[in-house]
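Single-structure report; data block below.
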Amino acid sequence: MNERSSQSQLFFERVWDVVRCIPEGKVTSYGAIARFLGAARSARMVGYAMNASHKHDPSIPAHRVVNRLGLLSGKNHFSNPQRMQHLLEKEGVLIKDDKVQEFEKLFWDPLTELESF
DNA sequence: ATGCTGACGTCGC
DNA sequence: CGCGACGCCAGCA
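Residue 359 is where the first sequence starts when you use this note's numbering, and the numbers rise one by one after that.
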């Protein structure tokens, strides 16, 4: 494993740490996490980290991460596409047409909530 | 081996 | 102000 890929691995782990901090019933976005980690243009990698999260640690609440519009863009990557919505609804988050209702109200921004890392 | 594809978001024109 | 291009780079075909 070269240095660059170990950096990426580190990035993944930081993403997972942040995701683990998301409280129940709250959601955040890929971009917010990316910005929080100082990599504003790596939102895509955050999504990729979510994909990898399943096999790394299934307990990571990947369902609490949606895109910046509040859409459940990653639901197809769960064992069952309905799984993501179901998990959120179980936490009291209402979903309609794959979109989080009252998204702004439920939005959990690591920049404000964690303030620094 | 090598090339393409994405759980996105920002920047440029 | 709308649309297109690019950055990011691990996994898979």
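Ideal placement from N, C-alpha and C gives every residue a C-beta, glycine not left out. All of these numbers come straight from a predicted model, not from anything done at the bench.
Comparing alpha carbon positions, the residue from H435, R372, T386 closest to F465 is T386.
Burial is judged here by how many other beta carbons sit within 10 angstroms of a residue's own beta carbon; L430 has at least 16 and is buried. Just measuring C-alpha positions, the residue of K433, S437, S411 sitting nearest Q367 is S411. Assigned with DSSP and collapsed to three states, F465 falls in strand.
Taking a C-beta distance under 8 Å as the contact criterion, L445 and H414 do not qualify as a contact pair. By the neighbour-count criterion, in which 16 or more other beta carbons inside 10 Å mark a residue as buried, Q440 falls on the exposed side.
Contact check between the stretch 369-376 and the stretch 445-454: fewer than three CB pairs, one atom from each, fall below 8 Å, which does not count as touching. For E447, the enclosing alpha helix (DSSP H) begins and ends at 439-448.
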